[in-house]
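Numbering (my numbering), first residue to last: 102 to 401. C-beta atoms are modelled at their ideal positions from N, C-alpha and C, and glycine is treated no differently. The structure presented is a predicted model; accordingly, all values stated were derived computationally and were not measured. Read through the structure below, which is laid out as structure tokens, and then see the notes.
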């Protein structure tokens, strides 16, 4: 029996492809529409604007503080990248990402993720989306893909803004890694790109958590507030020494491990732990969001 035959009926060879093609086109169209709606909202543009402004403020503050452009001194570990900005503007990329990752970036992702489903429900458009042949699972995956796209876009906005400001205010050239070795500017750019991708990947757990919260309520504001509140709570708990046994399982615990990409050789242990934790949160809360959304009685 050929692959074109199903059950008792024989489907012409070209029909299967013809049936699957509209579905694939519909999925791509749904994703394209969701991305367009997400990135054309004034709220999203405002969030990206705030993220772009952070490197500008940091760069200007460092320039004013150093005055003549002399190095600030100090060691170059983790967030202390700021001590190297005056020597090489590329370090502003690392500093800006370290400054925005604990709060600004995850908060922005939490707002977008929290509004993904609850916002549609509150506006009364969710029911009409489900009338179309998208299916709840496909719609939820599309929503999550759009949130992940925002994670990447927000991170790249910070990185590109920091690179532009760093190039304008400070010299560029070879840079010294945390381990003390020298690398070329081209390799530094590649590492900056790798760090930006790792930071974006560090947000997928928050994105899944926000999407799950968004399926629990019909109020976009409530979902956004709850997601941001959970984010702040987890980061407070991550600073309490008595909870050291639980902290490695918090989604924010290994966020600053991206600094290990500036070591020679690269330290991979905490980086892999970070990505593993994010994948775990995405699986758990993604599954919870799917279970809730597919069983939810949608009346609006």
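Boundaries of the alpha helix (DSSP H) in which residue i is found, first to last residue
i: residue 370; result: 370 to 396
i: residue 363; result: From DSSP, residue 363 is part of no alpha helix (DSSP H); its letter is neither H nor E.
i: residue 143; result: 143 to 167
i: residue 336; result: 321 to 338
i: residue 250; result: 237 to 270
i: residue 305; result: 305 to 315
i: residue 199; result: 192 to 201
Bridge partner(s) assigned by DSSP for residue i
i: residue 276; result: 284
Buried/exposed call for residue i, threshold 16 Cβ in 10 Å
i: residue 274; result: exposed
i: residue 424; result: Residue 424 is absent from the structure shown; the chain starts at 102 and stops at 401.
i: residue 330; result: exposed
i: residue 200; result: buried
i: residue 76; result: For residue 76 there is no data in the structure shown, the boundaries of the chain being 102 and 401.
i: residue 297; result: buried
i: residue 353; result: buried
i: residue 358; result: buried
i: residue 373; result: exposed
i: residue 316; result: buried
i: residue 133; result: exposed
i: residue 146; result: exposed
i: residue 350; result: exposed
i: residue 171; result: Any answer about residue 171 is weak, because its pLDDT of 46 lies below 50 and its placement is not dependable; what the coordinates show is given next. The residue is exposed, with fewer than 16 neighbouring Cβ atoms inside 10 Å.
i: residue 314; result: buried
i: residue 394; result: buried
i: residue 137; result: exposed
i: residue 388; result: exposed
Nearest-angstrom beta carbon gap, residue j and residue i [assumed within contact, 8 Å]
i: residue 255; j: residue 149; result: 6 Å
i: residue 318; j: residue 219; result: 5 Å
i: residue 375; j: residue 280; result: About 20 Å separates the two Cβ atoms, so there is no contact after all.
i: residue 195; j: residue 204; result: About 17 Å; that fails the 8 Å criterion.
i: residue 308; j: residue 245; result: 7 Å
i: residue 360; j: residue 259; result: Between residue 259 and residue 360 the Cβ distance is about 15 Å, and since that is not below 8 Å, they are no contact.
i: residue 383; j: residue 333; result: Not confirmed; about 20 Å, so no contact.
i: residue 271; j: residue 186; result: 6 Å
i: residue 211; j: residue 130; result: Residue 211 to residue 130, Cβ: 27 Å. No contact.
Test: residue i CB closer than 8 Å to a CB of chain C
i: residue 219; result: No chain C is part of this structure, which consists of one protein chain only.
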